[in-house]
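**Q** Next up is a structure, given as C-alpha cells.
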Amino acid sequence: HLFTVFILSLFLTIALVPVFKRLAFRMQIVDIPDARKVHLAPMPKTGGISMAIGAFVPMLIWLTNDHFVSSVFIGSFIIVAFGLVDDIKVLSAKQKILPQIAAALVVIFLGGVRVNCFGDLVPEGCILPDYIAIPFTLFVILGVTNAINLADGLDGLAGGISMLSFVTIGFFAYRSGNMTIAVMSIAVAGAILGFLRYNTH
Numbered sequence: 085h086l087f088t089v090f091i092l093s094l095f096l097t098i099a100l101v102p103v104f105k106r107l108a109f110r111m112q113i114v115d116i117p118d119a120r121k122v123h124l125a126p127m128p129k130t131g132g133i134s135m136a137i138g139a140f141v142p143m144l145i146w147l148t149n150d151h152f153v154s155s156v157f158i159g160s161f162i163i164v165a166f167g168l169v170d171d172i173k174v175l176s177a178k179q180k181i182l183p184q185i186a187a188a189l190v191v192i193f194l195g196g197v198r199v200n201c202f203g204d205l206v207p208e209g210c211i212l213p214d215y216i217a218i219p220f221t222l223f224v225i226l227g228v229t230n231a232i233n234l235a236d237g238l239d240g241l242a243g244g245i246s247m248l249s250f251v252t253i254g255f256f257a258y259r260s261g262n263m264t265i266a267v268m269s270i271a272v273a274g275a276i277l278g279f280l281r282y283n284t285h
C-alpha cells in the first residue's frame, strides 16, 4: 500500500496547489519580488498548505493512531499554522523559533522521540541519559528544520533535498519493518513531488 500512499499524496497535492494559488492571489498572500529574490512577479505562498493536506490525508487513512503519530500531527500542525501566519505577516526570528521549539518538544515528550544512541560510532551499549538526549534531540530537530529553510533559495532546491531525504528514510523504514515511518515518509515524499510539479523550471 506504500505505492497507493504515494499516488494519493502526489495527486492530492497536484490538485490542491492551483486551488490555494488562486486563494493566495485573492487574499494577497504572495511573495513580492525584491533585491534578494530571483522571481520577477509576485508568487503565491500557500504551497505548504497544499503539501500538508496532501501528506496528512494518506497518513490519516493508513496509520493507526498512537502517541507517536499524534505527536507528529500536533507538531506538524503547529509548524503549518505558524508558517501560514508568517506568510501573511512576516515574523521575526524569535517568533519563528518558538513554534519550532514547541513542535519539537511535543514530538520529544508526547511521541517519545530521543536521539540517545549513535550506533557503531560509539562503544556497544552506550546510551545517552535523558538529560543529554532530550536537549540534543531538540538541537537536531531545530538544526535540520532551519537547514532546510536556509537551503530554500532556488526553485525546487529545498523540495528536492527533502524529497530525496524522505525517500531514503522510507526505504530504510520499510527494510526494517517500521511501516509507520515508511508511510509517513512516502506520504511526504509524494506531497513534495506534487508541489515540485509547479516549483521547478
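In this text, residue positions in the sequence shown follow the numbering used here: the first is 85, and each later residue adds one.
Even glycine gets a Cβ: it sits at the ideal position worked out from N, Cα and C.
Under 8 Å between the Cβ atoms of residue 143 and residue 271?
**A** Within the sequence shown, numbered from 1, the residue matching residue 143 stands at position 59. Within the sequence shown, numbered from 1, the residue matching residue 271 stands at position 187. Yes. Within cutoff.
**Q** How about residue 284 and residue 147: are their beta carbons less than 8 Å apart?
**A** Within the sequence shown, numbered from 1, the residue matching residue 284 stands at position 200. Within the sequence shown, numbered from 1, the residue matching residue 147 stands at position 63. Going by C-beta atoms, residue 284 is not nearer than 8 Å to residue 147.
**Q** Could you tell me the boundaries of the alpha helix (DSSP H) in which residue 89 lies?
**A** For the purposes of this step, residue 89 is taken as residue 5 along the sequence shown, with counting starting at 1. It spans 86-111 - the alpha helix (DSSP H) in which residue 89 sits, taken as one unbroken run.
**Q** Given a cut-off of 8 Å, decide if residue 141 and residue 92 are closer than it, judged by their beta-carbon atoms.
**A** By 1-based counting over the sequence shown, the position of residue 92 is 8. By 1-based counting over the sequence shown, the position of residue 141 is 57. In this structure, residue 141 lies closer than 8 Å to residue 92 by Cβ.
**Q** In the DSSP assignment, find the alpha helix (DSSP H) that holds residue 260 and state where it starts and stops.
**A** Sequence index remark: in the sequence shown, residue 260 carries index 176 (1-based). Here residue 260 belongs to no alpha helix (DSSP H), and DSSP marks it neither H nor E.
**Q** How about residue 185 and residue 200: are their beta carbons less than 8 Å apart?
**A** In the sequence shown, counting from the first residue as 1, residue 185 sits at position 101. In the sequence shown, counting from the first residue as 1, residue 200 sits at position 116. Going by C-beta atoms, residue 185 is not nearer than 8 Å to residue 200.
**Q** Could you have a look at residue 202 and say whether DSSP puts it in helix, strand or coil?
**A** Here residue 202 is taken as the residue at index 118 of the sequence shown, counted from 1. Residue state, collapsed to three classes: coil.
**Q** Given a cut-off of 8 Å on the beta-carbon distance, is the pair residue 281 and residue 158 in contact?
**A** What you label residue 281 is simply residue 197 of the sequence shown in a count that begins at 1. What you label residue 158 is simply residue 74 of the sequence shown in a count that begins at 1. No.
**Q** Are at least three pairs of beta-carbons, each pair with one atom in the segment 167-175 and one in the segment 130-137, less than 8 Å apart?
**A** Enough Cβ pairs lie closer than 8 Å, so yes.
**Q** Helix, strand or coil for residue 171 per DSSP?
**A** Looking up residue 171 in the sequence shown gives position 87. Three-state DSSP puts residue 171 in a helix.
**Q** I believe residue 136 touches residue 160 by the beta-carbon criterion, under 8 Å. Please report the beta-carbon distance rounded to the nearest angstrom.
**A** Against the sequence shown, residue 136 aligns to sequence position 52. Against the sequence shown, residue 160 aligns to sequence position 76. Going by Cβ atoms, the distance from residue 136 to residue 160 rounds to 7 Å, so yes, they are a contact pair.
**Q** Do you know how far the Cα of residue 110 is from the Cα of residue 258?
**A** On the sequence shown, residue 258 is found 174 positions in, with the first residue counted as 1. On the sequence shown, residue 110 is found 26 positions in, with the first residue counted as 1. Each residue's Cα considered, the two are about 42 Å apart.
**Q** Which complete beta strand (DSSP E) runs does the segment 202-284 hold, if anything under 3 residues is left out?
**A** The qualifying runs do not exist here; there are none.
**Q** Let me know the secondary structure DSSP gives residue 197 once reduced to three states.
**A** What you label residue 197 is simply residue 113 of the sequence shown in a count that begins at 1. Residue 197: coil per DSSP, three-state reduction.
**Q** Which of the three DSSP states is assigned to residue 176 in this structure?
**A** Numbered from 1 along the sequence shown, position 92 holds the residue referred to as residue 176. Note: residue 176 maps to coil in three-state DSSP.
**Q** Is residue 147 helix, strand or coil when you go by DSSP?
**A** For the purposes of this step, residue 147 is taken as the residue at position 63 of the sequence shown. The answer is coil: DSSP assigns residue 147 none of H, G, I, E or B.
**Q** Could you compute how far the alpha carbon of residue 232 sits from the alpha carbon of residue 240?
**A** Walking along the sequence shown from the start, residue 232 turns up at place 148. Walking along the sequence shown from the start, residue 240 turns up at place 156. About 12 Å.
**Q** Taking the CB atoms as reference points, tell me whether residue 269 and residue 245 lie closer together than 8 Å.
**A** What you label residue 269 is simply residue 185 of the sequence shown in a count that begins at 1. What you label residue 245 is simply residue 161 of the sequence shown in a count that begins at 1. Not in contact: residue 269 and residue 245 (Cβ atoms no closer than 8 Å).
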